[in-house]
Amino acid sequence: MDSHKELQHRGTFECELCGLTAPYSYYGQKPPNAYPISLSEDSYVIKDPFTSDKDKFLILGSHCSLCRKRVCAGTDCSLFYSKRFCVPCVKLHLKEFPLEIRQDLEKKTRSKLHSSKTANSKDPKQS
């Protein structure tokens, strides 16, 4: 069997929140050539383009376990807490998550607000 064939482009992953698009080569829990690894969720996977090691791969994303939207693994779009959740679903069900998750989300939201206020207050004409 040609293992190279297993890593060929199968489709295009697109995050329904941020619009990130990338070709994926595998969808599931056991990526080819990653024998000892079994993922906790069905994931869209691509061979790591930054290495020639055929065993290395990147997880692009998965589906939100509540709304089923396809979301990337970026922290602005989703989080994994025993299952994948998109940030909008996390916010809707925030009270059902542990305190640490709620605090992290709160911190991130405050940090984003602060950085956007700082960016908006800078006058490009004064630079």
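Mapping to the UniProt record's numbering: the sequence shown position 73 is 73, numbers consecutive.
Glycine residues also receive a C-beta, built at the ideal position from the N, C-alpha and C atoms.
Since residue i and residue j should fall inside the 8 angstroms C-beta cutoff, what is the C-beta to C-beta distance between them, to a whole number of angstroms?
{"i": "Q29", "j": "D42", "result": "6 angstroms"}
{"i": "P23", "j": "I46", "result": "7 angstroms"}
{"i": "D76", "j": "V87", "result": "7 angstroms"}
I'd like the list of long-range same chain contacts for residue i, defined as Cβ closer than 7 angstroms, with 5 residues on each side in sequence excluded.
{"i": "S38", "result": "Q29, K30"}
{"i": "E16", "result": "K69, R70, V71"}
{"i": "Y81", "result": "F97, I101"}
{"i": "K83", "result": "E41, S65"}
Which class does residue i belong to by DSSP, given the choice of helix, strand or coil?
{"i": "L58", "result": "strand"}
{"i": "R110", "result": "helix"}
{"i": "K91", "result": "helix"}
{"i": "E100", "result": "helix"}
{"i": "L105", "result": "helix"}
{"i": "A34", "result": "coil"}
With 16 as the cutoff for other CB atoms within 10 Å, does residue i come out buried or exposed?
{"i": "residue 152", "result": "With the chain covering 1 to 127 only, the question about residue 152 has no answer from this structure."}
Would residue i and residue j qualify as a contact pair, given that the criterion is a beta-carbon distance under 8 angstroms?
{"i": "A34", "j": "D55", "result": "yes"}
{"i": "F85", "j": "C64", "result": "yes"}
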